[in-house]
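Residue 52 in this note's numbering sits at position 64 of the sequence shown; the count goes up by one each step and never skips. Using N, Cα and C, we set each Cβ at its ideal position, and we do this for glycine too.
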Amino acid sequence: MSSSLILIIALSVLHVAVFSLMLWIRFRRDEANGAGRETAKVRLCAVCREPATYLGYDGLDPHEQRHPDTGRPYSVNAAHYQPLCAAHC
Ligand SMILES: [Zn+2]
């Protein structure tokens, strides 16, 4: 076996290893994002009792805040959020 063939095989193995590592890092990042997202999967919509996918602000917090970019009101109190389905959020 020539030394150049060994070099080519070694480089191929290295490429596959780096590619696998990149895929693994990407997969791990996606997994972390999914776990951090705020969802209300097991709860029911406050309006129609369909399975809720979103937590919506009820607009009743006396200490309500406004988002500086969007101007949308929001609350720092989790008690003012209720589960809503996609049709009612
Ligand atoms: Zn609904």
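Which term fits residue i, buried or exposed, when burial requires 16 or more other beta carbons within 10 angstroms of its beta carbon?
i	result
Pro61	exposed
Leu129	Residue 129 is absent from the model: the chain starts at -11 and stops at 77.
Ala28	Here the model assigns Ala28 a pLDDT of 43, short of 50, so the residue's position is not dependable and the matter cannot be decided.
Cys73	buried
Cys36	exposed
Ala20	exposed
Pro71	buried
Ala40	buried
Go to residue i, then tell me how far its beta strand (DSSP E) extends in each direction, as first and last residue.
i	result
Leu43	42 to 45
Pull up the DSSP beta-bridge partners for residue i, would you.
i	result
Leu72	Tyr42
Leu32	Pro39
Pro61	Arg54
Measure how close the beta-carbons of residue i and residue j come, nearest whole angstrom, since I'm counting them as under 8 Å.
i	j	result
Asp79	His76	The structure shown has nothing for residue 79, since the chain only spans -11 to 77.
Report task. Pull every residue with its beta-carbon under 7 Å away from any heavy atom of ligand 1, and keep them in chain order. Result -> Cys33, Val35, Cys36, Glu38, Leu72, Cys73, Ala75, His76
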